[in-house]
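Residue numbers (the numbering used here): 182 to 619.
Note sheet for the following structure.
Structure (structure tokens):
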């Protein structure tokens with residue numbers, strides 16, 4: 182009986198010893214995977230920014246405080262009359278794991294909204310997106326397959342019912358966004374920007390502390406980028422643009438008379454507008470019945486050299502730039518803080534957009550907005566920072582317990598049981614020999 186008991190002790194001790202060694206060297210590293218029950222909510226504090234009010238623009242009604250300005254009180258009102266300055270805005274993001282998810286990958290669905298604080302729902306909505314991305318649970322990077330999608334809901338422009346949601350075709354995402362790798366390195370990572378549908382490196386800039394915990398700081402600046410072509414490419418990747426796509430694209434290129442923009446037109450602007458008008462007239466005449474052409478009065482020329490327009494329509498495109506800072510808890514890869522200084526504004530072309538973004542011109546535009554569509558320097562609120570830090574600490578404590586605490590207990594206990602089992606077995610053999618000799 183003693184021999185059986187010693188063998189059991191030795192076997193259990195050996196098993197505990199092997200498990201204690203395997204936990205930190207094999208089992209815990211293999212267990213560093215994203216959970217399947219991901220849920221989180223983050224948001225920014227109320228922050229004053231600048232905003233082009235699309236409803237006010239459509240109605241021709243200047244925003245509060247600007248209706249008495251000379252450029253806003255006449256028949257022709259400039260675009261600047263419809264831009265709020267110092268308007269409180271907030272953003273919120275809700276993350277939840279969705280299907281398809283399995284032992285190798287997890288699909289994350291993230292709903293993000295930007296809203297103004299001076300109005301009630303649904304009139305407070307400025308933009309809304311639903312982003313779906315599938316991550317490799319082991320590497321925490323997006324899978325290479327074209328399975329990512331983004332749904333974009335434009336804000337209500339008329340106040341009459343709901344706008345339709347535009348959806349991208351499935352695409353392959355080649356940058357991180359909402360989760361860093363577990364065991365984050367002090368290096369640059371490719372980062373996918375959901376606003377411009379572009380990927381650019383986000384750079385490691387140093388270590389800091391948040392709530393006494395070491396975190397890595399990453400920074401990125403996206404230089405002025407024209408949004409229309411990138412968003413259109415994403416929306417028409419399925420082969421066509423539907424009405425929802427066109428409604429989503431509409432605000433990214435606006436055409437107004439030069440005096441509405443507050444632009445002094447060049448001779449080239451005037452000539453282009455005249456040519457466009459002449460082409461339009463020519464197309465209209467081509468559609469007329471031949472009888473109308475025959476009844477044209479004698480002496481009237483069918484073609485005239487277009488006269489320059491004094492107040493031509495000028496189309497400007499929306500450009501986007503952002504200064505992004507993200508803090509990551511490196512052991513878990515959890516994002517624990519984030520700031521994004523987002524600026525969208527209208528310009529003729531890339532050259533003018535770059536000029537407007539120069540520090541002196543940028544400051545001037547932000548103080549007295551005339552081309553700004555939206556400026557929002559959002560920073561995470563305290564609740565979001567604390568919640569994400571707790572999530573990171575809980576994840577690390579679990580790994581710490583399995584990788585250090587449990588082995589610290591298992592290895593000594595296993596050794597003790599192994600030794601006791603060996604001693605008992607040896608004693609049992611000696612007793613058996615003694616009994617045989619007797």
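All C-beta atoms, glycine included, are put in the ideal place defined by N, C-alpha and C.
Please read all numbers here as calculations on a predicted model, not as lab measurements.
Where does residue i sit, in a helix, a strand or coil, going by DSSP?
| i | result |
| --- | --- |
| residue 457 | helix |
| residue 442 | helix |
| residue 534 | helix |
| residue 418 | coil |
| residue 484 | Because residue 484 carries a pLDDT of 48, less than 50, the predicted location of this residue cannot be relied on, and no value is offered for it. |
| residue 556 | strand |
| residue 378 | coil |
| residue 570 | helix |
| residue 282 | coil |
| residue 564 | helix |
| residue 238 | helix |
| residue 576 | helix |
| residue 394 | strand |
| residue 353 | coil |
What does DSSP give as the partner residue(s) for residue i in the beta ladder?
| i | result |
| --- | --- |
| residue 331 | 312 |
| residue 297 | 270 |
| residue 149 | There is simply no residue 149 to check, as the chain begins at 182 and stops at 619 in what is shown. |
| residue 383 | 370 |
| residue 413 | DSSP lists no partner for residue 413. |
| residue 406 | 501 |
| residue 275 | 222, 292 |
| residue 423 | Note: residue 423 sits in no beta bridge, so no partner. |
| residue 228 | 270 |
| residue 323 | 316 |
| residue 506 | 400, 520 |
| residue 388 | 397 |
| residue 347 | 333 |
Throw me the rounded Cβ distance for the residue i and residue j pair, which I believe falls under 8 Å.
| i | j | result |
| --- | --- | --- |
| residue 335 | residue 429 | 5 Å |
| residue 416 | residue 408 | Actually they are not in contact, since the Cβ atoms of residue 416 and residue 408 sit about 12 Å apart, beyond 8 Å. |
| residue 290 | residue 311 | 7 Å |
| residue 560 | residue 223 | So it is not a contact: roughly 11 Å between Cβ atoms. |
| residue 219 | residue 287 | 7 Å |
Residue i to residue j, Cα distance in whole Å?
| i | j | result |
| --- | --- | --- |
| residue 235 | residue 554 | 9 Å |
| residue 204 | residue 214 | In this prediction, residue 204 has a pLDDT of 42, which is less than 50 and means its spatial position is unreliable; nothing more can be read from the coordinates. |
| residue 387 | residue 461 | 58 Å |
| residue 438 | residue 495 | 6 Å |
| residue 347 | residue 369 | 32 Å |
| residue 269 | residue 547 | 15 Å |
| residue 406 | residue 502 | 6 Å |
| residue 352 | residue 324 | 11 Å |
| residue 526 | residue 367 | 34 Å |
| residue 402 | residue 356 | 15 Å |
| residue 246 | residue 363 | 50 Å |
| residue 393 | residue 518 | 14 Å |
| residue 562 | residue 576 | 22 Å |
| residue 217 | residue 278 | 6 Å |
| residue 295 | residue 493 | 34 Å |
Under 9 Å between the Cβ atoms of residue i and residue j?
| i | j | result |
| --- | --- | --- |
| residue 273 | residue 293 | yes |
| residue 557 | residue 499 | no |
| residue 491 | residue 446 | yes |
| residue 508 | residue 396 | yes |
| residue 231 | residue 271 | no |
| residue 281 | residue 315 | yes |
| residue 570 | residue 510 | yes |
| residue 513 | residue 398 | no |
| residue 321 | residue 516 | no |
| residue 543 | residue 528 | no |
| residue 425 | residue 545 | no |
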